[in-house]
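First residue of the sequence shown: -1, per the numbering used here; consecutive thereafter. For every residue, glycine included, the Cβ atom is placed at its ideal position computed from N, Cα and C. Here the structure is a predicted model, which means the values were calculated and not measured. First up is the structure itself, then whatever we jot down about it.
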Amino acid sequence: MSLSPSELERYDRQIRIPGFGVEGQRRLKNSKVAVVGIGGLGCAAATYLVAAGVGKIILIDKERFELSNLNRQILGYQRDLGRLKVEVAKAKLEAFNPEVEIEAVPIELSEKNVEDVIDDVDVVVDCLDNWETRFLINDYCVLKDIPLVHAAVSELYGQITTILPKKSPCLKCIFYKIPVAQAGAIPILGAVPAVLASLEVVETIKLLTGIGEPLIGRMIFLDFRRMIFDTIQLSKRSDCPTCSVKLK
-1 MSLSPSELER
9 YDRQIRIPGF
19 GVEGQRRLKN
29 SKVAVVGIGG
39 LGCAAATYLV
49 AAGVGKIILI
59 DKERFELSNL
69 NRQILGYQRD
79 LGRLKVEVAK
89 AKLEAFNPEV
99 EIEAVPIELS
109 EKNVEDVIDD
119 VDVVVDCLDN
129 WETRFLINDY
139 CVLKDIPLVH
149 AAVSELYGQI
159 TTILPKKSPC
169 LKCIFYKIPV
179 AQAGAIPILG
189 AVPAVLASLE
199 VVETIKLLTG
209 IGEPLIGRMI
219 FLDFRRMIFD
229 TIQLSKRSDC
239 PTCSVKLK
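See below:
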């Protein structure tokens, strides 16, 4: 699929990146990405994926905007309270970049519907705030060999890694069981998910275009209280309930 003159102008600054070029932009245009969770991470991630010119983006979330969301969920405005997040996001993102196809899916992913929603995407971006659904998309991505970009945030902390099935540890290799959930609402400074979401988009674009080296087999922990970022090496587990079964 070729690029129009308006697309060449719109994406000119990233096309100029060494190793990216027109071919990299074509690859983005021909790609489909699922953003799971349209909260603090998802709003920012979807915005920058649309800005970059990814051809189709699927927005998945069943929730509606509440007033307490607005310190971080940048696609929700005061007038949007009570409305479905995916529908609000779709309208704003289509106005922002009409060249990108946006699909709004107002559901909660489950074993019964996950295949129908994300079966043929090129990358899944994990912007969730619950581990049950995270593990669900992890298992499905490993089964279907779909790259998964994971990030999580809380307070002034964040983490990110990229999972390539068969080549890197999956989430169940890293986290042996569902982490203990914090009671009540998760405290968060709005800029923290924005930073992590931007990193998720960079990882996604690297996967789609082949530029750079994705964060595979490594996880970055970001401590914004002290502005310290640590990278750890990750290893597959021989007894992983997902990898050890699905990848044999």
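Excluding five sequence positions before and after Y9, the CB atoms of its chain that fall closer than 6 angstroms to its own CB belong to Q23, G51, given in chain order.
Its Cα nearest to that of R216, the residue D228 stands out among R223, L206, D228, G210.
Each residue's CA atom was taken as its position, placing D78 and F63 some 7 angstroms apart. In the structure shown, Y138 adopts helical secondary structure according to DSSP, grouped into three states.
In the structure shown, the three-state DSSP call for K30 is strand.
Annotated three-state conformation of R62 is strand, per DSSP.
Distances from the alpha-carbon of T202 to those of S236, L57, P96, A43 put A43 closest. Taken through DSSP and simplified to helix, strand or coil, Q231 comes out as strand.
Contact between L134 and E113 does not hold, since the beta-carbon distance rounds to 11 angstroms and is not under 8 angstroms. At a Cβ-Cβ threshold of 8 angstroms, V123 and V103 do not count as neighbours. If you check the CB distance, V31 and F94 do not come in under 8 angstroms.
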